[in-house]
Structures are given as C-alpha cells and as structure tokens.
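Under numbering that gives the first Met the number 0, think of the first position of the sequence shown as 0, with each following residue one higher.
Beta carbons: idealized from backbone N, C-alpha and C, even for Gly.
Structure, as structure tokens:
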Amino acid sequence: MADIVIIGGSIMGSSIAYHLAMAGKAGDVCVIEPDPSYEFAAAPRSSGGVRMMHGLAENIEMSKFGQEFYKDFANLVDVGGQPGRFDFLEYGYLHLLAGTQEVADAEANCALQKSLGAPNEMIDRDEVKRRFPSMRVDDIDAALHGPKDGFIDPHAAVLGFRRKARELGVEYVQDRVVDIEANATKVERVVLDSGKKIDAEIVVNVAGAWGPEISEMVGMKMPVEPLSRSTFYVETRAELETMPLTKDPSHVSFRQEGAGYTVGLTDVDVPGGFDWEVRHHLFDEIMWPAVAHRVPKFESLKVMRSWSGHYAYNRMDGNTIIGPWIGGLENFYVATGFSGAGLQKGPAIGRAMKELLLDGGYQTIDLSRLSYQRVIDDEPLLERGFSA
Ligand SMILES: Cc1cc2nc3c(=O)[nH]c(=O)nc-3n(C[C@H](O)[C@H](O)[C@H](O)COP(=O)(O)OP(=O)(O)OC[C@H]3O[C@@H](n4cnc5c(N)ncnc54)[C@H](O)[C@@H]3O)c2cc1C
C-alpha cells in the first residue's frame, strides 16, 4: 500500500518524488521504475537543453524555474552534506530565422519572453556574424538569441533527483507496471510484472513515451505517441568559437558536447511508434549538409557515435498535458506530451504535481490551460514558432 504510486522514475517521476518528499511525504510515495540505469528513457538520450525560448507563458515560466533550479542543482539535491558537481553550461540558445512569418513569430515570442524576465533579444544577420563568426548568415533574416540559456547533463539530473528522493525516504521498486485495477470511479491498485500488486490512493503516470500504453490500461486516450529521434555525436579538428545550442531553419539543431558536437533533427511530420534504429540516411541527406552549410568548418566532421531516443509527442499541439484524468478515474493523474522540451520542465512539473496532490491546486505557475480538458474539448494550445 502506498498513498501515491508514481509510474516511471526518470526525470518527471523522480522530480515529483523529490518535491513530495521535500514536503514531508516521502513515506507515502512509491516509484515504480524497471530500469535504474535509465538505458532507454528519453531523459539521458536528450540534448539537455534548457531555454526560455518558448511561445507560451506557461512554458517560459516552467523553463525559467528549471533554469534557476538546475543552476543550483548540486546544492538542492545534495546528499549527505556533500554537494556533487553539476554544471549548467550557459552557452546560450540561438534560433536562426528565415522568412517573414518566422521573424514575426519570433518577435512576438521574444516580447513575451522578455516580459517574463528572459534576457532574450532579436538580433540581425550582421550581429549573428559578429557573435558567431564561423556561421554563414547570408540566407537568414534574423535570429532570436537567449544568452542565459544552456544545457545540462540530463542523466546526472535524473540521478540527482532520484538519489535525493531516496535519501529522504521515497521507495523505488524495480519493476514494471503491467496492469491497473480500478472500480467505476477510482484506480485501486497497480499490478507489476513480478506479480506483486500495490494498492494506491493516487496513481501518477509519468512513463514518458510508454505513458500512452499505461493510460490505455484504464481506458484513457491521450493524443500522445512515441516519436523516434536520431542523434549524432560528431567531432571536427577545426577550431570554432563557443557555440550556442543552434536551431537552424532546416530544423537541424546542434550544440557543443565535450570535445565535439551533437546534431539532431526536430522534424515532427513523421510517423510515430517505437523505432530504435538510428536513421543514418537522415544524417547523410539532411543533417550533415545543413550543418556544413551553416558552419563551413563542419565540412570535415566525423561521426563518432549515434543513438536513438523517443519523444512522448503530443500530436494535438506538441504541448504538455498535466493533471487528473478529467472525465475519467478521479485519482489517475498524468504528466505527458513533453515532446522535445521535458527535461527543462522537470523541476516545475515536479513542483506542480506536488501542488495538485498536496495543496489542492497550483500555488506557483498556473498550469490549468495544460489540463486534459483541452483534449476533451479538442482545443489545441499551439505555440507559435516552435514545434518540438
Ligand atoms: C533526442 C531527444 C532530444 C531531447 N532534447 C531535449 C532538450 O534539449 N531539452 C529538454 O528539455 N528536453 C529534451 N528532450 C525531451 C526530454 O528528454 C523528455 O521530455 C523527458 O525526458 C521526459 O521525461 P519523462 O520522465 O516523462 O520520460 P522518460 O525520461 O522517457 O522516462 C520514462 C520512464 O518510464 C519508465 N517506464 C516505462 N514503462 C514503464 C512501466 N510499464 N512501468 C513503470 N515504468 C515504466 C521508463 O523505464 C523510463 O525510465 C529530448 C528528447 C529526445 C528524445
């Protein structure tokens, strides 16, 4: 028996567990996570980017809190009085823009970001060249620059939350939820692969790309599906200035990673479903030409390794769904649909779920617009300019 059973113990599950534990509820929380190494979870396979560059106030505010939290992470999750090392690499974010509509969207987003405290700015092509001399700029019209954005080690973030939650007394059960038993109004218990059953007052589904199959167990439909992403780690001998995490108009993105760079593609107009094959043809046909065009010194880059991971992609509007299953089982909660921006929202989602479960409603950032109600009403909450 546990008061609160959390399904999935990666960044979301462990941040929720941490925030509940910090509020004194550790003994009432049980996290079910099959893989303590998080080999297949999205979080460690992500780019680790944390940006205030969004088009919805809720997303900007969640990432702002994420930025503050991760900048102080080593202290916040300190175990046994020994804060470890945790770096927030403040290399910035740069969204390169081509086209009148793209520039107009970015200008509107930038104004909103500034009003919420982000030091972001629109810069023209010459200024991009001045700040990042290795970049080719003749085919862009402007850029949105977030100088205080950056990236973190996502695996270390998951482990930091997990270690601290466990130290505070949260129980992690290494097992997999295979079924959920419910009566007409409430979930009663989760059934694990081992055959064990755990009774629960509240169940929270934060199983990422596996979340839809968990929700299906109780008949809840979510417009969310796994979306396979291929990432390539490359190295070049060429000397370059410090690069921000750059999003190119081609939807290719790249950022520094140790001695090299990671390169990814944020196209979402592709079929969903789990697919662990790395799509090497995307690198050869789209990513390499795009980065070599943008940064000519990348012409000589070499692929050192590659991997695949999955967004929990919200096909309806690319945005988060958080809260109880409105219209369904009253004690079944979800936090899903994070698409390509969940890691930075991890701290805020953990705090928000704690507020919903313990405080009777949001106390800090009001995430009501991100509830399941918009799925019922079929009213997408679209974000200008950023798709994933
Ligand atoms: C290539 C890529 C790049 C990305 N880049 C960024 C970025 O730069 N910035 C950013 O903010 N976000 C980024 N993201 C998104 C981010 O990684 C996710 O939004 C975030 O990790 C979601 O966290 P989660 O805890 O919901 O899911 P996950 O990290 O996927 O964890 C889900 C967990 O559920 C567990 N689970 C699965 N099935 C069961 C079951 N039956 N029972 C119990 N547990 C189960 C899994 O083992 C796993 O540990 C990126 C994602 C990808 C794929």
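Check	Outcome
Skipping 5 residues on each side, what residues in its chain have a beta carbon closer than 6 Å to that of residue 282?	231
Below 8 Å, can you find three or more Cβ-Cβ pairs linking the region 348-356 to the region 4-17?	yes
Residue 41 by DSSP, collapsed to three states: which one?	coil
With H, G and I counted as helix, E and B as strand and the rest as coil, what does DSSP make of residue 100?	helix
Closest by CA to residue 328, which one among 216, 154, 94 and 166?	216
Distance, Cα to Cα, residue 104 vs residue 95?	12 Å
Should residue 117 and residue 70 be called a contact, given that it needs their Cβ atoms to be closer than 9 Å?	no
When the Cα atoms are used, what is the spatial distance from residue 320 to residue 340?	13 Å
For residue 44 versus residue 62, is the C-beta spacing smaller than 9 Å?	no
Does the Cβ-Cβ distance between residue 199 and residue 1 come in under 9 Å?	yes
Using three-state DSSP, classify residue 220 as helix, strand or coil.	coil
For ligand 1, is there a heavy atom less than 8 Å away from the beta-carbon of residue 285?	no
In the DSSP assignment, the alpha helix (DSSP H) including residue 373 goes from what residue to what residue?	372-375
Three-state secondary structure (DSSP) at residue 17?	helix
Quick check: is any heavy atom of ligand 1 less than 8 Å from the C-beta of residue 342?	yes
Nearest to residue 336 by CA position, among 275, 314, 261 and 330, is which residue?	314
Please report how far the alpha carbon of residue 141 lies from the alpha carbon of residue 101, in whole angstroms.	9 Å
Quick check: residue 208 and residue 273, are their CB atoms within less than 9 Å of each other?	yes
Where do the N-terminal and C-terminal ends of the beta strand (DSSP E) with residue 323 fall, by residue?	320-323
Between which two residues does the beta strand (DSSP E) harbouring residue 246 extend?	244-246
Can you name the residues that DSSP bridges to residue 255?	260
Quick check on residue 210: does DSSP put it in helix, strand or coil?	helix
Could you tell me how far apart the beta carbons of residue 307 and residue 277 are, in whole angstroms, since I believe they sit closer than 8 Å?	5 Å
Identify whether residue 69 lies in helix, strand or coil by the three-state DSSP scheme.	helix
What first and last residue would you give for the alpha helix (DSSP H) that runs through residue 352?	345-357
One question on the structure: do residue 157 and residue 37 come within less than 9 Å of each other, judged by their Cβ atoms?	yes
On the three-state DSSP scale, how would you describe residue 287?	helix
Using a Cβ-Cβ cut-off of 7 Å (strictly less than) and excluding sequence neighbours within five positions of residue 145, which residues of its own chain qualify?	50, 51, 52, 91, 92, 117 and 119
Quick one: give me the first and last residue of the alpha helix (DSSP H) that residue 128 is part of.	124-130
Compute every distance between the C-beta of residue 11 and the non-hydrogen atoms of ligand 1, then say whether any falls below 8 Å.	yes
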